[in-house]
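Protein sequence lines, in the order shown, are assigned to chains A and B.
Using numbering that gives the first Met the number 0, read the first sequence as starting at 0 and increasing by one per residue.
Using numbering that gives the first Met the number 0, read the second sequence as starting at 0 and increasing by one per residue.
Beneath this line is the structure, given in C-alpha cells, with notes to follow.
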Amino acid sequence: MKVVCEKCKKDAIIYLAYGRHNLCIDHFNNFFESRFKKTIRQYKLFSQKDYLGVATSGGKDSMVLLYLINKIFKDKKIKFCAIFVDEGTDNYSNKTFQVVKDFCKKESIKLVTSSHKKEFQISTQEIGEKYNRKEGTVCTYCGVLRRKTLNRLANKEKITKLLTGHNLDDEAQTVLMNLLDNDVIRFFRTGPETGIIDLKDTKPRIKPFYMTPEKEIAAYALYNKIPFHDCNCPFFRTAKRNHFRSFLNDTEVIHPGSKFSLIKSFLKIKELSNIEKIIDNKQLKKCKICNEDTSQEICKACQLIEKIKKI
Amino acid sequence: MLTKKVTITKEDLNKTIREILIDLNISPERVLVKINNQFKPISTVIKTETEIEILVVIK
C-alpha cells in the first residue's frame, strides 16, 4: 500500500502521471518551485529592474503566486506588491479581501486596492441585478473592468509588470477555445506574457504558472497551508470553459501530458507564424472616453459601461 | 473545498486509487486523496478495506 518518494524513499504524497513521478512533500515542493523559477527564466518574464504587481484575488492560484514571489524574491531586491480589485459582490468580495489582507499583513507585503465602484461607479452586484443574473453577462463585465482596474492601479503605482495566477489548465483551455472560435488574434495574443505589441500605458501581464497544472497549485497550497478562499463567486457561470476543462481533464487521464503537449505545440506555432502580419490592421488608438489604450474608437470597458447606463 | 468519503470494499482491493477513482467516475485530474488524514499519491495500491477522503480541488 505504501508508495515511497522516488528520490528519498520517504512516504510519497503525490503522483505526477505525466512523468510517472511519486514524490514526498519536500521533493514535490522543490520540483514545484524549480519549475516556477524555470518558467520565469525561460520566458524572461521579469528582471531585477521591474516593479511587480501581483494580481491577487484570494483564490488558490493567486495566493500561491504571492506566497512564492514573497518567498523567493523578497531577499533578491525585486520590488513587488499585491493588488486586489474589489468587484463588489455581496457576501463574497469581503471574504476574498480578508484572505488577501490578512496574508499581506502577516508577511508585510504592500497591498494596493481599488474597486469597480470607485473606478466605474458601479459594482458587479449592481451589474448582476441590472441584468437579472443573466448567464455569462456579469462575468464579461467583471473581467473587462477588473483588467482595466488592474492596469490603472499599475500605472498609478508605476508597476512595470502585472503577474497573474493563470495556470497550465487555464491556458490550455484558452488555446482550444480560441482555436475553435477561429479567433486568430486572441489565439496569438495569449502566452506566458500577454500581448503582442509593446504598449506604454498597458502593462504586460505575465504568468509564472504557465507551465504548472492547476491540481499541483492546489496541492502545493494545501501541503504548505497557504490560506486561500475556496468558494465560487455567486455570479460564476462559465459553461463553455467548463466543457473544455472537462474535455482536457478526461484526455489527460487517458493520455497524461496532453496539456503540456498542447501548450508546447501552441508556442511552436506562435514562434513560426508571422504575428505582425496577422495583426497589422490593428492600429493602436486612445479611447475617446477614458483616453486609455484601445484598438477601437472606444475601449471595451467604456463600451460596456455606456451599455449598462442604458438599461 | 468539496470533500467526499468513499469506503473501499473487498472488490476494490489490489487496485490503485487512480483506478478506483476512474471506476467511480471521478476524474483523478480534479482531486487529491487522503487516507487516515494523510495525503496519498493516486498510484497507491489499496491492500486493506479502508476509507478514502477525496478532496475536489478543481471544480
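Ideal Cβ placement from N, Cα and C applies to all residues, glycine included.
State buried or exposed for E50/B, treating a residue as buried only when at least 16 other CB atoms are found within 10 Å of its CB.
Exposed, because fewer than 16 other Cβ atoms sit within 10 Å of the Cβ of E50/B.
CA nearest to the CA of K116/A, picked from T95/A, K306/A, K267/A and C141/A:
C141/A
Verify the CB distance criterion: does E251/A have a CB-CB separation below 7 Å to chain B?
yes
Would you kindly work out how many angstroms separate the C-alpha atoms of D10/A and D74/A, rounded to a whole number?
Spanning the two alpha carbons is a distance of roughly 32 Å.
Rounded to whole angstroms, what's the CA-CA distance from R17/B to I158/A? Just pull it up for me.
A straight line joining the alpha-carbon of R17/B with that of I158/A spans about 44 Å.
By Cβ distance below 7 Å, which residues in the same chain neighbour P255/A in space, the five residues on each side in sequence not counted?
A16 and Y17
Keeping to the same chain, check which residues put their C-beta closer than 6 Å to that of P191/A; ignore five residues upstream and five downstream.
Result list for P191/A: Y42, K206 and Y209, in chain order.
Using a 10 Å radius around the Cβ and a threshold of 16 neighbouring Cβ atoms, would you call N13/B buried or exposed?
exposed
Note down, one range per segment and in chain order, each beta strand (DSSP E) of at least 3 residues found wholly within the region 76 to 138 of chain A.
You should have 78 to 85 and 110 to 114.
Taking the runs of the beta strand (DSSP E) that are 3 residues or longer, which of them lie wholly in the region 2 to 75 of chain A?
13 to 15, 20 to 22 and 50 to 54
Is there a C-beta anywhere in chain A that falls below 7 Å from the one on T8/B?
So, not an interface residue.
Assuming contact is defined by CB atoms lying nearer than 7 Å, are V99/A and T163/A in contact in what I supplied?
no
How many whole angstroms separate the CB atoms of E338/A and R145/A, which I take to be in contact at a CB cut-off of 8 Å?
No answer is possible for residue 338/A: the residues shown for chain A start at 0 and end at 310.
Just checking, does the region 163 to 182 of chain A make contact with the region 110 to 129 of chain A on the three C-beta pairs under 8 Å criterion?
no
Continuous alpha helix (DSSP H) stretch holding K269/A: start and end:
S257 to L271
Beta-carbon proximity of K78/A to A153/A, cut-off 7 Å
no
What residue range does the beta strand (DSSP E) around E52/B cover?
T49 to V55
Quick one: grab the DSSP three-state call for K14/B.
coil
Where does the unbroken alpha helix (DSSP H) through I304/A begin, and where does it stop?
DSSP places I304/A inside the alpha helix (DSSP H), whose first and last residues are K299 to K308.
Reference L247/A, options E213/A, Y222/A and N21/A, closest by Cα
If we check each option's Cα against that of L247/A, E213/A comes out closest.
Here's the rule I'm using: 16 or more other beta-carbon atoms within 10 Å means buried, otherwise exposed. How should N29/A be labelled?
exposed
Residue range of the alpha helix (DSSP H) that includes F187/A:
V183 to R188
Should I51/B be flagged as near chain A, meaning a C-beta pair shorter than 7 Å?
No, I51/B does not count as interfacial toward chain A.
Find the nearest neighbour of L22/A within the set V44/B, F38/B, K9/B and I53/B, judged by alpha-carbon distance.
F38/B
For Q172/A, name the three-state secondary structure that DSSP assigns.
helix
Just to confirm the assignment, what range does the alpha helix (DSSP H) spanning L161/A have?
Taken as a continuous stretch (DSSP letters only), L161/A belongs to no alpha helix (DSSP H), being part of the beta strand (DSSP E) at K160 to L162.
Evaluate the contact criterion for the region 214 to 229 of chain A versus the region 55 to 74 of chain A: three or more CB pairs, one atom per stretch, below 8 Å.
yes
Chain B contacts made by the region 147 to 176 of chain A, where a contact means CB separation under 9 Å:
D168
Beta-carbon separation of L167/A and T211/A under 7 Å?
yes
Which residue or residues does DSSP assign as beta-bridge partners of T193/A?
R204/A
When DSSP labels each residue in this structure, what does L1/B get in the three-state scheme?
strand
In chain order, what residues of the same chain lie with their CB nearer than 8 Å to the CB of K308/A, ignoring the 5 residues before and after it?
Answer for K308/A: no residue qualifies.
Quick check: what's the CA-CA separation for V32/B versus S26/B?
The straight-line gap from Cα to Cα measures roughly 12 Å.
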